[in-house]
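Visitor: Quick note: to get the working numbering, add 141 to the position in the sequence shown (first position is 1).
Structure incoming, see below.
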Amino acid sequence: MKTIKRNVLLNPGPATTSDSVKMAMVVPDICPRELEFGELTLSVRNDLIKAANGEGTHTCVMLTSSGTGGVEACLTSVIPQGKKVLILNNGAYGERMQKICDAYEVAHVDYNGEWGFPINLEAVEKLLKDNINDVTHLAFIHHETTVGILNPIDKISAIAQKYNVEIIVDAMSSFAGMEIDVKKDNIHFLVSSSNKCIQGMAGISFVFCNLESLMKTKNYKKRNFYFNLIENHNYLEKNKQFLFTPPVQTLYALRQAVTEYFEEGPKNRHARYASMYEIMKKRLVELGFKFLVDEAHHAKLLTAILDPSSPNYSFNEMHDYLIERGFTIYPGKVGNKNTFRLSNIGQIYPEDIKNFLVAFEDYLKVKKII
Ligand SMILES: Cc1ncc(COP(=O)(O)O)c(C=O)c1O
């Protein structure tokens, strides 16, 4: 068996995985309609529900898609015909929700905030109040990965509850990276995917659904087919099988990733991620870098850093320099601000961040940027 080269991915997912997650995909071929695979499927689903504290109140619908598929499934399955969803946009993924609704002709009311800045909760409340006869759902991004800002689930959920509106939360890059409790925060629908903080392979999105909220959609006129949440849920319940062909090997990897999540422990995982952020932030500040999002609103899972003003700086050159040394970084542009992004999620450790900082500083010195 050849050894697997380890890359430290500082892009915002797919994140670095453990070797045991990679190796979990090497399994005998199996028909996913076999009971053995059905049991694996249910075990992953049930453990994901546990990870979100949704036992007894929520289910989890797994779909074969990247994360966007899960968001699309949710927006096109749960909003009744003739009603509207209020979408909060303070980054590219909030905007993407609006585009999905446009594509399917799901009516939406928009809150369009400046990217990189917190959502104005009073403005959200006013929008809800003004549209209360039409709006049944409020959709937003938890960790807006475009910039690394954290939108507060508890506060937004409290506003929604006041107006009896259900919430749809895109927690793509925060679920399993920080505490999310679907019961405590009264979350009706929460979307994430297999390849970010849960540290599995790309290919599965999952939507946690409050069971009562999901059951309400039973007789809704359908806008979708493959991505219909209740159809996928009912089929799995009845047959112990995915409705459509699942990504077999990715599910084995996800099984292993979820096991490793509980072995590490949610608190320890959050602490590991947080410590890497602190190490990164400290050195970047010492080097004089400025961040797009202020500390108070930062999710501490991804940092958008303003490009150095030196004419010697080139993102592409820096990227290539670092990738040769095993580190993958990510570009980012917000309005007229050029940034580069560093995330601190995945199976990486404080030592990796320290090694990255050495290579990063070497690049800055070689190019006479510092
Ligand atoms: C908050 C958020 N939503 C949605 C997505 C889209 O996920 P995917 O690229 O897996 O479709 C991402 C991807 O990074 C994300 O960070």
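For glycine and all other residues, C-beta sits at the position ideal for the given N, C-alpha and C.
What I want to know is whether the C-beta of His438 ends up closer than 7 Å to one or more non-hydrogen atoms of ligand 1.
Guide: False, no ligand heavy atom lies under 7 Å from that Cβ.
Visitor: Could you say which of Asp160, Ala165 and Asp322 lies nearest to Arg396 if we only look at CA atoms?
Guide: Minimum Cα distance to Arg396 is reached at Ala165.
Visitor: In its own chain, which residues sit with a C-beta less than 7 Å from the C-beta of Ile282, not counting the 5 before and 5 after it?
Guide: Cβ neighbours of Ile282 beyond the five flanking positions: Gly232, Tyr234, Gly235, Asn292 and Asp311.
Visitor: Tell whether a beta-carbon distance below 8 Å holds between Lys357 and Asp275.
Guide: No, they are not a contact pair.
Visitor: Does the separation of the CB atoms of Ile321 and Met417 fall below 8 Å?
Guide: Their beta carbons are not under 8 Å apart, which means Ile321 does not touch Met417 by this criterion.
Visitor: Would you call the segment 332-348 in contact with the segment 155-169, where contact means no fewer than 3 C-beta pairs closer than 8 Å?
Guide: Contact between the segment 332-348 and the segment 155-169 is present, because at least three Cβ pairs lie under 8 Å.
Visitor: Which same chain residues end up closer than 8 Å to Leu244 when comparing Cβ atoms and leaving out the 5 residues on each side of it in sequence?
Guide: The question names Leu, but residue 244 in the sequence shown is Ala. Within the same chain, Ala244 has no close Cβ partners at all.
Visitor: Between Gly341 and ligand 2, is the CB less than 7 Å from at least one heavy atom?
Guide: No copy of ligand 2 occurs in the structure displayed; its ligands are ligand 1 alone.
Visitor: Count the other CB atoms within 10 Å of the CB of Gly197; is the residue buried (16 or more) or exposed (fewer)?
Guide: Answer is exposed; the Cβ neighbour count stays below 16.
Visitor: With a threshold of 7 Å, establish whether the CB of Met203 neighbours any heavy atom of ligand 1.
Guide: Not under cutoff, so the answer is no.
Visitor: State whether the segment 288-308 contacts the segment 172-188, with contact taken as three or more CB pairs (one from each stretch) at a distance under 8 Å.
Guide: Not touching, per the Cβ criterion.
Visitor: Rounded to whole angstroms, how far is the Cβ of Val475 from the Cβ of Val288, which I believe are closer than 8 Å?
Guide: With 8 Å as the limit, Val475 and Val288 qualify as a contact, their Cβ atoms being about 6 Å apart.
Visitor: Using the Cα positions of Lys337 and Thr444, report the straight-line distance between them to the nearest angstrom.
Guide: For Lys337 and Thr444, the distance between alpha carbons rounds to 15 Å.
Visitor: Does DSSP put Cys215 in a helix, a strand or coil?
Guide: Here Cys215 sits in helix by DSSP.
Visitor: For ligand 1, is there a heavy atom less than 7 Å away from the beta-carbon of His284?
Guide: For ligand 1, at least one heavy atom lies less than 7 Å from the Cβ of His284.
Visitor: Tell me the start and end of each unbroken alpha helix (DSSP H) in the segment 248-308 that is at least 4 residues and wholly inside, in chain order.
Guide: You should have 262-271 and 294-303.
Visitor: In whole angstroms, what separates the C-alpha of Ile511 from that of Tyr471?
Guide: Distance between the alpha carbons of Ile511 and Tyr471 is about 21 Å.
Visitor: At what residue ranges does the segment 330-373 contain a whole run of the beta strand (DSSP E), taking only runs of 3 or more?
Guide: Runs found: 330-334 and 345-351.
Visitor: Inspect the beta-carbon positions of Leu204 and Ser354 and report whether they are closer than 8 Å.
Guide: Cβ atoms of Leu204 and Ser354: not closer than 8 Å.
Visitor: State the DSSP-derived secondary structure class of Lys441, mapped to helix, strand or coil.
Guide: Coil, per DSSP.
Visitor: Note down the Cα distance separating Ser334 from Lys146, rounded to an integer number of angstroms.
Guide: For Ser334 and Lys146, the distance between alpha carbons rounds to 24 Å.
Visitor: With Phe383 and Pro173 assumed to form a contact (beta carbons below 8 Å), what rounded beta-carbon distance in angstroms separates them?
Guide: Their Cβ separation, rounded to whole angstroms, is 6 Å, which keeps Phe383 and Pro173 in contact under 8 Å.
Visitor: According to DSSP, what are the bridge partners of Cys201?
Guide: Note: Cys201 sits in a beta bridge opposite Phe349.
Visitor: In whole angstroms, what separates the C-alpha of Gly406 from that of Ala415?
Guide: Rounded to whole angstroms, Gly406 to Ala415 spans 14 Å at the Cα level.
Visitor: Val515 lies in the beta strand (DSSP E); which residues open and close that run?
Guide: This structure leaves residue 515 out entirely; the chain is present only between 142 and 511.
Visitor: Run the CB neighbour count on Ile273, radius 10 Å, all protein chains shown included, and call it buried at 16 or more, exposed below.
Guide: Exposed, by the Cβ-count rule.
Visitor: Taking 8 Å as the threshold, find out whether the segment 240-254 comes into contact with the segment 206-225 through three or more Cβ pairs.
Guide: The segment 240-254 is in contact with the segment 206-225.
Visitor: I'd like the ranges of any alpha helix (DSSP H) spanning at least 4 consecutive residues and lying wholly in the segment 143-215.
Guide: The segment 143-215 contains these whole alpha helix (DSSP H) runs: 160-164 and 176-192.
Visitor: When every heavy atom of ligand 1 is checked, does at least one fall within less than 7 Å of the C-beta of Val265?
Guide: Result no, Cβ not under 7 Å from ligand 1.
Visitor: Nearest chain D C-beta to His374 closer than 8 Å, yes or no?
Guide: No chain D is part of this structure, which consists of one protein chain only.
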